[in-house]
Amino acid sequence: MAAIKTDNLVKRYSEVTAVNGVSLEIPEGEVFGLLGPNGAGKTTLISMLATLVSPTSGTALVAGRDIITQALEVRRHIGIVFQEPSVDDLLTARENLYLHSMLYGMPRREISPKIDQMLKLVNLSDRADSFVKTYSGGMRRRLEIARGLIHGPKILFLDEPTLGLDPASRKAVWSHIRDLKEAHNTTIILTTHYMEEADSLADRIGIINNGRIIELDTPAALKKKVGQDLVFLTGEINEAGIKALPFVNSVERENAHWKIGITNSGANLQALLNAGGRIDEVEVRRVTLDDVFLKFAGQKIGEDAEEHAEGIFQRIATSKATRR
Amino acid sequence: MININAIYALLLREAKIFFREKERIVSILISPLLFLFVMGKGMAQGHSPVLGYTYQQFIFPGIMAMVILFTSITYGLYIIWDKRLDFLKEVLAAPISRATLFVGKALGGMLGAIIETLLLLLIGAAFILPLNAFQIALSLAAAFPVSYMITNIGLTIGAKMKSMEGFGLVMSFLTWPLFFFSGALFDLRTAAPYIKIISLFDPVTYSVDLMRGIMLGQGAFPVWADLAAIAFFCLATTALGVAAFGTLQQEK
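Chains A and B are the protein sequences, given in the same order.
Using this note's numbering, you'd call the opening residue of the first sequence number 110 and step up by one each time.
Using this note's numbering, you'd call the opening residue of the second sequence number 10 and step up by one each time.
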């Protein structure tokens, strides 16, 4: 059975169409990466699947339940980690987890051992009884992940789980996500605009832009569509000669240089250079998802990403400071 | 539809936060105490409309209602914060009905109001108005429905409001008028007609009157009328609040 099946899901706000007809099927146990720039519709899509926002039209089955008519049932089977931290910083980690467990109707005697287990999983056991307001961004995020998991959801939504984290915390979160998939066969829907993150975690990636899924495949297959390796050439290039080569996937002119996608540069680079014309400069690198995104969405991803991340934390910091 | 465990969890959270912010418990009592000990005492020559009591004693039940009013409205409006950050997003995503969430929040607000009421009652009984244990118990019991209905009003407005900037507006245009028109500081029976008419629509009027009935043995309306009005406002505000929470969505 598919963990998630959406049927032409649309969300229109007064001025924008945030999600514009998404039909998806995500099998159980898959880590699905939703990749796109800010405003592409990632959060709106996830919010609809988590029954937090109602669709304008279309519907979806999540864990076999309809998101419109069986919202509470859906909620019981999913966990969600929000983009902006939503743990209560006036409470301790343990209290946050306790309240969550009660809200999700876990049997009372199971709660306490489960809390200990989750805190251990995210390495917060030693700070379990400190107030969350004393936590760093990474610790909050880990607590939030523990909270999203404690009631044993079949499906976990992670909305930008590593946004604004330092590289070490980011790696820690990644390894937790991998553990989850292996240990519990949890279906994970992950939104991100970090290519590296989608690449290293996701089984399949959906590229979303302007509310539509424009490409959907495994990371490897997506990269293959651009070519395994990219060769940048400058000089007087014999375009037709290059295009005729069997291992060439794509040829594009970018400003002063040519961008050529090829398979297996080790074996084929020599042949390319021989056929290429009078070459002044050569640069070779592996294809990244950035290249994939650029090809399919026609724009670069994540240019404003860091700025956005900073914005969020700035906003939280100022609102916390002026609170109460 | 109503999930008791979830309500307990929501209430527990409010209780913990309330007791952790002790400065708030005290700061909320400041303006009522000013009314009682400065205005109440300063107008020593002012006649008490109820024979046998001083003006300070006369306004004490009204100030009691004021504490409930301010604590409950403020609490209700604070969900704007919750909406922006923290806990509300978490509970909006939880598998509980909006009615459960609303009742849990309303009970949380009542808890704070009841504790403030108790504090003020003890201060009042010690320094202002001799009250027996029965009167204290009755006043406290009356504080329950009163704080419930006012918390509901606060939560309803809080759920509809977009930003904390509206906070001052609500205080100026709603909270203070509710207080002044309630007759907390004067006798409604001898007030100007326009005050009388407006006060009839003010839920706080009946709260003040009920408290006065309990503590001074004399109110403007019969006790059953106060209770009926409060019951009506409790039901009406619950309906409004549940509806407002029903449409509450995650803020983007």
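Ideal Cβ placement from N, Cα and C applies to all residues, glycine included.
R249/A and P164/A look like a contact to me (Cβ under 8 Å); what is the Cβ gap, rounded to whole Å? With a Cβ gap of about 30 Å, R249/A and P164/A do not count as contacting.
8 Å Cβ cutoff, L21/B in contact with chain A: Yes - at least one Cβ of chain A is within 8 Å of the one on L21/B.
Taking the CB atoms as reference points, tell me whether I68/B and L197/B lie closer together than 8 Å. Taking 8 Å as the Cβ cut-off, I68/B and L197/B do not qualify as a contacting pair.
In angstroms with no decimal places, state the Cα-to-Cα distance between M220/B and A108/B. Computed Cα separation, rounded: 30 Å.
Residues bridged to K120/A by DSSP? According to DSSP, K120/A shares a beta bridge with V128/A.
Less than 8 Å between the beta carbons of L398/A and A307/A, yes or no? Taking C-beta atoms as the reference points, L398/A and A307/A count as a pair closer than 8 Å.
Would Y244/A pass as an interface residue toward chain B - the criterion being a Cβ-Cβ separation below 8 Å? Residue-level contact check: Y244/A does not touch chain B, since none of the beta carbons of chain B fall below 8 Å from its beta carbon.
Contact criterion: CB-CB distance below 8 Å. Does E99/B meet it with respect to chain A? By this cut-off, E99/B is an interface position.
Where are the alpha helix (DSSP H) runs, 4 residues long or more, that stay fully inside the segment 212-240 of chain B, in chain order? As far as the segment 212-240 of chain B is concerned, its whole alpha helix (DSSP H) runs of at least 4 residues are 212-225.
Taking only beta-carbon atoms, is G255/B less than 8 Å away from chain A? With 8 Å as the cut-off, G255/B does not count as an interface residue toward chain A.
is_contact[Y303/A, chain B] using C-beta, thresh 8 Å: So no, Y303/A is outside the interface.
Residues in the segment 211-230 of chain A with C-beta within 7 Å of chain B's C-beta atoms, listed in sequence order? Of all residues in the segment 211-230 of chain A, M211, L212, Y213 and G214 have a Cβ within less than 7 Å of some Cβ in chain B.
Quick one: grab the DSSP three-state call for H476/A. The question about residue 476/A has no answer, for chain A in this structure spans 110 to 433.
I'd like to know if S195/A contacts chain B, where contact means its C-beta is closer than 8 Å to some C-beta of that chain. Yes, its Cβ sits closer than 8 Å to a Cβ of chain B.
May I ask you to list, following chain order, the residues of the segment 23-36 of chain B that have a beta carbon less than 9 Å from some beta carbon of chain A? Result list: K25, I26, R29, E30 and R33.
Taking a cut of 8 Å between CB atoms, which residues from the segment 100-123 of chain B lie near chain A? Residues of the segment 100-123 of chain B whose Cβ lies closer than 8 Å to any Cβ of chain A, in chain order: V100, L101, A102, A103, P104, I105 and S106.
Under 8 Å between C-beta atoms, does A18/B make it to chain A? The Cβ of A18/B sits closer than 8 Å to at least one Cβ of chain A.
Counting contacts by CB-CB distance shorter than 8 Å, is A152/B in contact with chain A? For A152/B, no CB of chain A lies under 8 Å from its own CB, so it is not counted at the interface with that chain.
Span of the alpha helix (DSSP H) around R321/A: DSSP places R321/A in no alpha helix (DSSP H) but in the uninterrupted beta strand (DSSP E) bounded by R321 to D326.
Between the Cα of G71/B and the Cα atoms of L178/B, Y84/B and V213/B, which residue gives the shortest distance? Measuring from the Cα of G71/B, the nearest candidate turns out to be V213/B.
8 Å Cβ cutoff, A15/B in contact with chain A: Judged by the 8 Å Cβ criterion, A15/B is in contact with chain A.
Counting only C-beta atoms, is R174/A closer than 8 Å to chain B at any point? For R174/A, the answer is no, since every Cβ of chain B falls outside 8 Å of its Cβ.
Near A180/A, what residues of its chain come up, given a Cβ to Cβ distance below 7 Å and the 5 sequence neighbours on each side ignored? The answer, listed in chain order, is T160.
Test: R313/A CB closer than 8 Å to a CB of chain B: Not closer than 8 Å to any Cβ of chain B, the Cβ of R313/A fails to qualify, so no.
Give a yes or no on whether the minimum CB-CB distance between E204/A and chain B is below 8 Å. Interface residue, yes.
Just curious, the alpha helix (DSSP H) that I137/B is in, first and last residue? Segment: none, I137/B is in no alpha helix (DSSP H) and carries neither H nor E.
Quick check on the burial criterion: 16 or more other C-beta atoms within 10 angstroms. Buried or exposed for R395/A? Here R395/A is exposed, its C-beta having fewer than 16 other C-beta atoms within 10 Å.
What residue range is occupied by the uninterrupted alpha helix (DSSP H) comprising N383/A? S374 to A384 is the extent of the alpha helix (DSSP H) around N383/A.
Only counting the same chain, and skipping five residues up and downstream in sequence, which positions put a Cβ closer than 6 Å to that of G350/A? So the list reads A384, once near-sequence residues are dropped.
Can you list, in chain order, the residues of its chain whose CB lies under 6 Å from that of P58/B, leaving out five sequence neighbours each side? The answer, listed in chain order, is D196.
By how many angstroms is the C-alpha of V179/B removed from the C-alpha of L244/B? About 22 Å.
In DSSP terms, what V360/A is bridged to: According to the DSSP secondary-structure assignment, V360/A is paired through a beta bridge with I369/A.
Extent of the continuous beta strand (DSSP E) run through E345/A: Run containing E345/A: D338 to I346, per the beta strand (DSSP E) assignment.
Partners in chain B for I189/A, counting only beta-carbon separations shorter than 8 Å: Within 8 Å Cβ-Cβ: A102.
Would the segment 256-265 of chain A count as touching the segment 184-193 of chain A if we require 3 or more Cβ pairs under 8 Å? With the cut-off at 8 Å, the segment 256-265 of chain A and the segment 184-193 of chain A touch.
For the segment 111-119 of chain B against the segment 79-87 of chain B, do three or more pairs of beta-carbon atoms, one drawn from each stretch, fall closer than 8 Å, so that the two count as touching? Taking a cut-off of 8 Å for Cβ pairs, the segment 111-119 of chain B and the segment 79-87 of chain B touch, as three or more such pairs fall below it.
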